[in-house]
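With the first letter of the sequence shown counted as 1, position 10 gets the number 10 in full-length UniProt numbering; the numbers rise by one all the way through.
All C-beta atoms in this analysis are idealised placements derived from N, C-alpha and C, irrespective of residue type, glycine included.
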Amino acid sequence: MAAAPIDKDIMDRVKLGLDVFRRGILAGGDGRPQRRIQIYDVGHLYSFDEVRRHIDQGRPVFGTFLISSNFDHLTAQDIYEFIPRLQRPTNCAHTVVFVVYGKYCGRLYLVFVNSHGTAYGDKGFGRVYFDTVENLITLRVP
């Protein structure tokens, strides 16, 4: 599984990706005409309540977290947490979209869709503790 190395240009890549969304992407198919899908704003989220509210409203929430080797073997029962002693030789981070939230033993977590396919975690979904996630954002669409 690949994750983006943390280097000086990681934020440049994030900005480039957001710029692509701002300009828009042509979408269509199945007999439907093409239309441009784009965002008009990026909002930063800082609390679990903000994230919960956006998920409840069906808005996309993205976040990034550091990757340690335990991420590669996450099962349906696991909740991911970055463990520094299991850190990879190259610091890596992963950005995902969050779709559900919950609480386990008093700790808040988020459920994410993983880009590594359905063999990962629980049919392509994983859970991560909220305090492990950084750079939470939402995209507002017209």
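Give the straight-line distance between the Cα atoms of residue i and residue j, rounded to the nearest whole angstrom.
i      : j      : result
His116 : Pro33  : 30 Å
Arg23  : Arg140 : 13 Å
Phe133 : Ala93  : The residue you asked about is not Phe; residue 133 is Val in the sequence shown. The straight-line gap from Cα to Cα measures roughly 10 Å.
Phe125 : Gly31  : 31 Å
Gly28  : Tyr120 : 29 Å
Gln87  : Arg35  : 43 Å
From which residue to which residue does the beta strand (DSSP E) around residue i run?
i      : result
Ile55  : No beta strand (DSSP E) contains Ile55, which is instead part of the alpha helix (DSSP H) from Phe48 to Asp56.
Val133 : From DSSP, Val133 is part of no beta strand (DSSP E); its letter is neither H nor E.
Leu108 : Arg107 to Val113
Asn91  : Gln87 to Tyr104
Leu66  : Val61 to Ser68
Ala27  : Ile25 to Gly29
If distances are taken between C-alpha atoms only, which option among the options comes closest to residue i?
i      : options                          : result
Val65  : Asp30, Arg23 and Val111          : Per the sequence shown, the amino acid found at residue 65 is Phe instead of Val. It is Val111 whose Cα lies nearest to the Cα of Phe65.
Asp49  : Gly102, Gly121, Phe82 and Phe125 : Gly102
Asp19  : Gln57, Arg53 and Val42           : Val42
Leu108 : Arg52, Pro60 and Asp122          : Arg52
Ser69  : Arg59, Asp78, Ile83 and Gln57    : Ile83
Leu74  : Asp131, Arg36 and Asn114         : Asn114
Leu136 : Gln87, Ile79, Val99 and Gly121   : Val99
With burial defined as no fewer than 16 other Cβ atoms inside 10 Å of the residue's Cβ, what is the status of residue i: buried or exposed?
i      : result
His44  : exposed
Gly58  : exposed
Lys80  : A small correction: the amino acid at residue 80 is Tyr; Lys does not occupy that position in the sequence shown. Result: buried.
Gly106 : exposed
What distance in whole Å lies between the Cβ atoms of residue j and residue i, which are believed to be in contact at a cut-off of 8 Å?
i     : j     : result
Val61 : Val97 : 7 Å
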